[in-house]
Amino acid sequence: MRSHRIILTACFIVPWIGHLHGQRRNENALLMGYTQYAGSKLNFANTTPLDLGEFPFLAWGECSSAISDTSGNFLFGFGTGVVYDHVGGVIDQSLWYELNGDVTQGSLIFPRPGTTGVYDLFVIKNAPQQGSDVFVEAACLSVDMALNGGLGGVTASVSFGANYTEKLCGTPHGNGTDYWALTHEWGTNAFRAYRIDAAGLDTVPMVSLAGSPHTEAYGDCLRTNYQGEMKFSYAGHLIALCTQNTPCEEGSWAIQPAIVQLFHFNDLTGDVSYWMDLPDHHMTYGLDFSQDGSKLYVAGSDTVVHYVDQYDLDAGDTTAIIASRYRVYDSTYTEISSLRPSAMSFAPDGRLYVSHLGTSLDAILHPDLPGADCGYTVGYFPLANMHYFASHCNQLKRYHDSEYKRPGTVGFPSVVQAPGFGAWPNPAASVLHLGLPNGIVSPDIHICDATGRTVHVSGPQAARTGTIDVSSLANGLYTVSLLDGSRILGATRVVVQR
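To convert, take the position in the sequence shown, counting from 1, and add 6; that gives my numbering.
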C-alpha cells in the first residue's frame, strides 16, 4: 500500500547520463523594477551571475516568470499581466495586468508535455480587493514559440476558479511526463493541484485539506494573510509555505504570528498531507529549501531585527527539527521596509538568492551546509536598477527535459514505469520488499539518495531474494531502479522513514 505522506524522486546514475542536461531552462530570469525603475534580465549560465541590463516591464510588481529552452536560450517571460518575448516586445497584454503585479507568486511557466515549443502559462490574475473575500479567476495561457517568426504567440486562454491566495508553485508529475501546478485556497485549508499534460492544463484540481486555513485575521485592515511564498523541494516530495500576516498597526509585528508549515506531496496523485508547524515567526514573506532538501530557510521580521533562519530537516522528529533553528542572518532596523529579506529564489548556480528593497540581492552560497557554513552573504549580486523588496522570478526547480546538476552528480532523470516492478512498504523502515517482473535474466537493484549518489547496489543474487535491507539508510529521499544487466527496466519512488 502506498503512503501518501511522502514520495521520492527516482534517479539512476550511469545509464541515464547521456539524457541529462544542466538546468538550462532557468538560466535566464527576470526581476521587476521599483516604481520608475526598469526591470532587469539576469543570467545564471556561469559561476558568476550577470545582470544583462534593463527589461522593459510596463509596470512594477512582485512576481515575474521566465523560461528558456534546453540550450539556455531565453524564450519569453511574464509580469503584471503582460507576456513578453525574449527581446522585451509585447506578445500579449491583458486588461487585468496592473492587478497581477501585486501577487506574491502571480505566474509560472510549464513546458507542454509531448510538444516542442508549446508552453502553458499559469496566472493568478489579481490580489484581493478591499471588502471582498473573492479572488478574480486564475487563467492559463498557451504560448506557441513557432508563431511570429519564433518570438511566440498566445494561441488560447482559459479562465477558471476563484478564491485563490497568492501562492503558486509547480513540480514534475511522478509519471515522468506531466507537471503539477499547486495553489492554495483563500478562506480555507484547501490545496488545489492542477495537472498539466499533453492536452494542457486540467482545470479540475485535486483538492487536499491540510494545515491551517488561510483567512482574514485582522478585520478591515489589509488582508496580507494571503501573501507569502509556497515552495516545492527540488525532489518534489516536500512543500513549505508561509503567510506574511501583517497587523493593522505598524510597530506590532512581534505579536502577529505568521503561518509557517511543512507538508508532504504525492507527485503521482497530487495529494498534500500536513507534516508540521514551525512556530514563532512574524512577517514571513519568503522561504525555500536547499537543493538536497535537508535545509529550509525562512525570512521574517520581529520588533527589532530582520532575519533569515535555517532549519535542519534531517535533525530527527518534529521537536528536533524545530530545535535546529539557526539564525544565519539578522539586521537591526528602524523602518520595517529597510533591507527586509523577502522572496527567495533557487538559481541554477546552486545558490539561494534573497530579495530586499535596493540594488542588490543577498545570497546563500552553500544552502546544503549547516549553520554559518551556508555562507549568507549580504549584497552578493549587485544590480544596475533598484527593485521592489519582494521582486523575484517564479520558476520550476526541475523539468523533465532539463535538470539541475550538482557537482559530482547527475540529478533526477525521468521515472520509467516497468510493469510488474514495485517496492513496498512505502515508507519503509528496515526491509524493502520487491516485486519483479518475469523473464529477467540478470536482475540488479540500484538505490540513489536525493543528491543522485548511489547508496546501494544489490547484485543479481540479492535482487532475486525480493528483499533489501534499508536499515542502514538515513531517513529521506531514495530511488529504486531495476536493471536487467546494463539495461534499465524501470524505477520507483521509495522513502525511508522511522
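A virtual CB, placed ideally from N, CA and C, is assigned to each residue, including glycine.
Cβ neighbour criterion (16 or more within 10 Å) applied to residue 184: It counts as buried.
Closest Cα partner of residue 98 within the set 108, 111, 109, 84: Ranked by Cα distance from residue 98, the options 108, 111, 109, 84 are led by 84.
Proximity of residue 500 and residue 486 at Cβ, strictly below 8 Å: By the CB criterion at 8 Å, residue 500 and residue 486 fall inside the cutoff.
Segment contact flag, the segment 353-372 with the segment 319-326, C-beta cutoff 8 Å, min 3 pairs: Under the three-pair Cβ rule at 8 Å, the segment 353-372 does not count as touching the segment 319-326.
For residue 130 and residue 209, the rounded distance between their alpha carbons: Between the alpha carbons of residue 209 and residue 130 lies a gap of roughly 13 Å.
Closest Cα partner of residue 283 within the set 248, 313, 289: In terms of Cα proximity to residue 283, the closest of 248, 313, 289 is 248.
Per-residue DSSP class, three states only, for residue 28: Any reading at residue 28 must be qualified, since the residue scores a pLDDT of 42, below 50, and its modelled position is unreliable; the value itself is stated next. The answer is coil: DSSP assigns residue 28 none of H, G, I, E or B.
The alpha helix (DSSP H) enclosing residue 326, as first and last residue numbers: 324-329 is the extent of the alpha helix (DSSP H) around residue 326.
Local conformation of residue 368 per DSSP, three classes: Residue 368 falls in the strand class under three-state DSSP.
From 310, 94, 73, residue whose alpha carbon lies closest to that of residue 30: When only C-alpha atoms are compared, the closest one is 73.
Close beta carbons around residue 296, own chain, < 7 Å, minus the five adjacent residues each side: In the same chain as residue 296, and ignoring 5 residues on each side of it, the C-beta atoms closer than 7 Å to its own belong to 373, 374, in chain order.
Residue closest to residue 207, alpha-carbon to alpha-carbon, out of 125, 62, 498: Distance from the Cα of residue 207 is smallest, within the candidate group 125, 62, 498, for 125.
Helix, strand or coil at residue 180 according to DSSP, with G and I counted as helix: In the three-state reduction of the DSSP assignment, residue 180 falls in the coil class.
Where residue 171 falls, given that 16 or more other Cβ within 10 Å makes a residue buried: Buried.
Buried versus exposed call for residue 272 [16 or more other C-beta atoms within 10 Å across all chains shown]: Looking at its Cβ environment, which holds 16 or more other Cβ atoms inside 10 Å, residue 272 is buried.
Range of the contiguous beta strand (DSSP E) that encloses residue 480: Unbroken run through residue 480: none, as it is neither H nor E.
Check: residue 401 C-beta below 7 Å from any heavy atom of the ligand FMN: Among the ligands in the structure shown, none appear at all, so the ligand FMN cannot be discussed.
Simplified DSSP assignment, three categories, for residue 421: Below a pLDDT of 50, predicted positions are generally treated as unreliable, and residue 421, at 45, falls in that range; no measurement from the model is reported.
Top-ranked residue by Cα proximity to residue 393, from 360, 380, 194: Minimum Cα-Cα distance from residue 393 among the listed residues 360, 380, 194 corresponds to 360.
Sequence-distant residues of the same chain with beta carbon closer than 7 Å to residue 20, five excluded per side: Low per-residue confidence applies at residue 20: pLDDT is 29, beneath 50, and the placement is therefore not dependable, though the value from the model is reported in the following sentence. Residues of the same chain with a CB within less than 7 Å of the CB of residue 20, apart from the 5 flanking positions on each side, do not exist.
Anticipated Cβ contact below 8 Å, residue 353 with residue 166, distance rounded: The C-beta distance from residue 353 to residue 166 rounds to 31 Å, too long to fall under 8 Å, and the pair is not in contact.
Rounded distance between the beta-carbons of residue 285 and residue 314, thought under 8 Å: Contact doesn't hold; Cβ gap of about 17 Å is too wide.
Residue 443 versus residue 430: straight-line alpha-carbon distance, rounded: Rounded to the nearest angstrom, the two C-alpha atoms are 15 Å apart.
Inter-residue Cα distance where the pair is residue 191 and residue 145: Rounded to whole angstroms, residue 191 to residue 145 spans 15 Å at the Cα level.
Residues bridged to residue 96 [DSSP beta-bridge criterion]: Residue 96 pairs with 90.
Run of the alpha helix (DSSP H) containing residue 467, from where it starts to where it stops: Its alpha helix (DSSP H) spans residues 466-470.
Residues that residue 220 bridges to, as DSSP identifies them: Answer is none; residue 220 lacks a bridge partner.
Selected residue, minimal CA-CA separation from residue 377, among 244, 331, 404, 406: The candidate whose alpha carbon is nearest that of residue 377 is 331.
Burial state of residue 77 (16 or more Cβ within 10 Å): Classification for residue 77: exposed.
Same chain, Cβ closer than 7 Å to residue 336, five either side skipped, listed in chain order: Non-local C-beta neighbours of residue 336 in its own chain, meaning closer than 7 Å and more than five positions away in sequence, comprise 311, 312, 313, ordered along the chain.
Presumed contact (8 Å Cβ cut-off) between residue 64 and residue 86, rounded CB distance: The beta carbons of residue 64 and residue 86 sit about 6 Å from each other, so the pair counts as a contact at 8 Å.
Rounded distance between the beta-carbons of residue 82 and residue 90, thought under 8 Å: Their Cβ separation, rounded to whole angstroms, is 6 Å, which keeps residue 90 and residue 82 in contact under 8 Å.
Straight-line gap, residue 339 to residue 363 (C-alpha atoms, nearest Å): Each residue's alpha carbon lies about 13 Å from the other.
Option nearest residue 236 by Cα separation, candidates 449, 266, 459: Taking only the C-alpha atoms, the option nearest residue 236 is 266.
Pairwise C-alpha distance: residue 386 and residue 341: Cα to Cα, residue 341 sits roughly 22 Å from residue 386.
Test item: CB-CB of residue 449 and residue 433 under 8 Å: Not closer than 8 Å, so no.
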